[in-house]
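Here the structure is laid out as structure tokens; the discussion comes afterwards.
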Amino acid sequence: MKPSTNRMLTRIKSIYVFIKENGTVTTQELVDEFGITPRTIQRDLNVLAYNDLIKSPHRGTWTTTKKRVKLSS
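Okay, so the sequence shown: first residue is 1 according to this note's numbering, each after it adds one.
Below is the structure:
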């Protein structure tokens, strides 16, 4: 796996864990927490939403779904 792909997957996993631990979060909170651009956060959120791991109950807010996830290190 390319290092950039590995870095992206690690970041997406971290974003998912952050949302799961904090309940509902805003896109801006994620930008502030991870120090990356809003566009990069949006791409990562799209990956998670496409896989039915998160949903947006209101514009700009995110929460996890009921889908069970096994997180490995």
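Glycine is no exception: its CB is placed at the ideal position from the N, C-alpha and C atoms.
Close CB contacts of LYS55 within its chain, under the 7 Å cut and outside five residues either way in sequence, are with ALA49, THR63, THR65 (chain order).
Across the set PRO57, SER14, GLY23, the C-alpha of SER14 shows the shortest separation from the C-alpha of GLY35. Residue pairing of LYS55 in beta bridges, as defined by DSSP: THR63. The beta carbon of GLY60 is closer than 8 Å to those of THR26, THR27, GLN28 in its chain, skipping five residues each way along the sequence. For the pair VAL69 and ASN51, the Cα-to-Cα distance works out to about 11 Å.
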